[in-house]
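Residue numbers (this note's numbering): 7 to 193.
Virtual Cβ for every residue (Gly too), placed ideally from N, Cα, C.
First comes the structure, then the notes that go with it.
Structure, rendered in structure tokens:
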């Protein structure tokens with residue numbers, strides 16, 4: 007993971023970011039710092055991984071054995087179902103959607119060229135998949151089936167018409183930095 011993050015940082019070395027924002031969890035903060043060692047990293051709780059409540063720390067097998075009905079409901083529609091004390095996909099979508107709206111509003115008000123409005127977000131797998139569903143207007147219940155997020159991947163979204171118009175997906179779950187590709191290949 008760390009080596010992949012450093013390699014992603016090398017890939018993005020010539021790309022400017024107006025802001026770098028990470029989840030407050032240590033692994034996300036470390037990843038952000040490995041990718042952008044000279045940039046200040048902001049922390050935003052809305053980038054936290056989904057809260058799995060009572061399931062936290064359990065294996066899939068343990069969850070299926072202890073909470074079979076809840077696990078089955080979650081598999082059928084993770085947007086509406088979660089564990090006791092945890093979040094649903096809808097909960098995660100509300101918080102990440104509010105962050106996206108805020109960032110798009112910030113970019114619109116900044117009156118700087120689009121290249122100077124780039125924001126690097128460092129989050130977690132479920133959070134990132136929900137973010138993609140929200141940004142691309144994919145039914146939220148499909149986020150687990152439709153999207154994959156590998157460690158230290160690069161996914162690039164652009165919002166040319168604002169949040170309500172939805173995003174353009176320029177790059178998805180890209181790991182080409184591990185093959186030596188450098189720069190902003192999505193431009």
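Quick check: what's the CA-CA separation for residue 58 versus residue 48? Residue mapping note: residue 58 aligns to position 52 of the chain shown, counting from 1. Residue mapping note: residue 48 aligns to position 42 of the chain shown, counting from 1. Between the C-alpha atoms of residue 58 and residue 48 there is a straight-line separation of about 24 Å.
So, for residue 6: in the same chain, excluding its five sequence neighbours on each side, which residues have a beta-carbon less than 6 Å away from its beta-carbon? Since the first and last residues shown for the chain are 7 and 193, residue 6 lies out of range.
Taking the straight line between their C-alpha atoms, what separation do you get for residue 66 and residue 122? Residue mapping note: residue 66 aligns to position 60 of the chain shown, counting from 1. Residue mapping note: residue 122 aligns to position 116 of the chain shown, counting from 1. In a straight line, the C-alpha of residue 66 is about 43 Å away from that of residue 122.
For residue 85, count the other beta carbons within 10 Å of its own beta carbon; 16 or more makes it buried, fewer makes it exposed. Which is it? For the purposes of this step, residue 85 is taken as residue 79 along the chain shown, with counting starting at 1. Classification of residue 85: buried, given that the 10 Å Cβ count is 16 or more.
Quick one: is residue 16 buried, meaning 16 or more other Cβ sit within 10 Å of its Cβ, or exposed? Position 10 of the chain shown holds residue 16. Label assigned to residue 16: exposed.
Among residues of its own chain, excluding the 5 on either side of residue 155, which ones have a beta-carbon nearer than 7 Å to its beta-carbon? Within the chain shown, the letter at position 149 stands for residue 155. Hits under 7 Å: 131, 134, 135, 179.
Distance check for residue 137 and residue 175, CA to CA, integer angstroms please. Translated into the one-based positions of the chain shown, residue 175 becomes position 169. Translated into the one-based positions of the chain shown, residue 137 becomes position 131. Spanning the two alpha carbons is a distance of roughly 12 Å.
Quick one: what's got a C-beta closer than 7 Å to residue 184's C-beta in the same chain, skipping five residues either side? Indexing the chain shown from 1 puts residue 184 at position 178. The residues are 10, 13.
Nearest-angstrom Cα separation, counted from residue 71 out to residue 110: In the chain shown, counting from the first residue as 1, residue 110 sits at position 104. In the chain shown, counting from the first residue as 1, residue 71 sits at position 65. Computed Cα separation, rounded: 43 Å.
Taking the alpha helix (DSSP H) that residue 71 belongs to, which residues open and close that run? Translated into the one-based positions of the chain shown, residue 71 becomes position 65. From DSSP, the alpha helix (DSSP H) with residue 71 extends over 66–72.
Less than 8 Å between the C-beta atoms of residue 38 and residue 128, yes or no? As a working mapping, residue 38 is identified with position 32 in the chain shown. As a working mapping, residue 128 is identified with position 122 in the chain shown. Yes, Cβ-Cβ distance for residue 38 and residue 128 is below 8 Å.
Based on the DSSP output, what are the partners of residue 180 in its beta bridges? The sequence position of residue 180 within the chain shown is 174, counting from 1. Looking at the DSSP output, residue 180 shares a beta bridge with 160.
Residue 41 in three-state terms, based on DSSP: Locating residue 41 in the chain shown gives position 35, where the first residue counts as 1. In this structure, residue 41 counts as helix in the three-state DSSP scheme.
8 Å CB neighbourhood of residue 107 in its chain, flanking five on each side removed: Indexing the chain shown from 1 puts residue 107 at position 101. Counting only Cβ-Cβ distances below 8 Å, and skipping sequence neighbours, we find 169.
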